[in-house]
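Colleague: Here it is, the structure, as structure tokens.
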Amino acid sequence: MIAVSIVSHGHGAMVERLVSSVLDLPSVSQVIVVLNIRESMNLPSSERITVIENDSPRGFGANHNLAFKHSRQPFFCPMNPDITIQDDPFPGLLSAMDIQGVGVAAPVVVNTMGEVEDSARYFPTIRSVVKKILFGSKGIFLEVNNAPCVFPEWVAGMFMLFRRESFMRLNGFDEGFYLYYEDVDICVRLWRQGERVVLWQGARVIHDARRDSHRNVAYLKFHMASMLRYFAKYWGRLPKIE
């Protein structure tokens, strides 16, 4: 039913652990592992695993688009290698996909301390970015309440569950972005084609966050380039969501 896409950038043991845990989930029919750089990988022996080796490194969107071309299931789930799954999130997420008009569903994401991360947000604006740069604002994110689900404007790309047909209509992630803003962009395009983004609060995963753009100049450049592309693409053209 679900094809899970995991991209390794030399994450080795981390990917091996995640693949093993994902294979234990009843609704997962296929796990696609994209090796973005050459590395040895000791994965479980399973017909459900597809391994793709890149000739040269690709970005977030390009890697998951490549995995999607090898998928065969009605649902497609890009998942970061630094995700840990303790309780199966997919029964709840599949229930969320039954809500009329939903094109992508995501779980609540917590860090290793159990604190809820800002994975469900309102679209970035020039004002919100300026406040973040000048005043250290953490950005605009959705306040989690007690409802079974909420409808944020976008959800973070570390864990997204798409309907296959929705992902196909969008032609997947925009590969013009590189490592950042692909998740924001695809959610913008979902809303623009009349589909909704849902955060299912009964599902939860753990994210061992490693925000490389805070420490590495090259990643900071990728982040800035993607941000500029996003504003050039959508300034004054973001969908109005009620």
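According to the working numbering, the stretch in the sequence shown is residues 157 to 398, in order. Just so it is clear, CB atoms sit at the ideal spot from N, CA and C, and this is done for glycine as well.
Alpha carbon to alpha carbon, how far is Ile255 from Arg204?
Modeller: 28 Å
Colleague: Taking the beta carbon of Gln357 as the centre, do at least 16 other beta carbons fall within 10 Å, making it buried, or is it exposed?
Modeller: It is buried - the Cβ of Gln357 has at least 16 other Cβ atoms within 10 Å.
Colleague: Please list, in chain order, all residues of the same chain as Ala223 whose beta carbon is under 6 Å from its beta carbon, the five residues on each side excluded.
Modeller: Ser161, Ile188 and Val190
Colleague: Looking only at C-alpha atoms, which of Ala374, Ala261, Pro182 and Pro213 sits nearest to Ser275?
Modeller: Selection Ala374, Ala261, Pro182 and Pro213 evaluated against Ser275 yields Ala261 as nearest (Cα-Cα).
Colleague: Starting from Trp391, follow its DSSP beta bridges and name the residues at the other end.
Modeller: In DSSP, Trp391 forms no bridge with anything.
Colleague: What does the alpha-carbon distance come out to for the pair Val175 and Leu199?
Modeller: 7 Å
Colleague: Can you list, in chain order, the residues of its chain with a C-beta nearer than 6 Å to that of Ser183? Leave out the 5 residues immediately preceding and following it.
Modeller: Met157, Ile158 and Phe246
Colleague: What does the Cβ neighbour count give for Gln186, buried or exposed, with the cut at 16 atoms within 10 Å?
Modeller: buried
Colleague: Is it the case that the Cβ atoms of Gly217 and Glu331 are separated by a distance below 8 Å?
Modeller: Between Gly217 and Glu331, the C-beta gap is smaller than 8 Å, which places the two residues in contact.
Colleague: Does at least one heavy atom of the ligand SAH sit under 7 Å from the Cβ of Met314?
Modeller: Here there are no bound small molecules, and the ligand SAH is not part of this structure.
Colleague: By Cβ distance below 7 Å, which residues in the same chain neighbour Glu321 in space, the five residues on each side in sequence not counted?
Modeller: none
Colleague: What residue range does the beta strand (DSSP E) around Val163 cover?
Modeller: Ile158 to Ser164
Colleague: Once DSSP output is grouped into helix, strand and coil, what is the label at His220?
Modeller: In this structure, His220 counts as helix in the three-state DSSP scheme.
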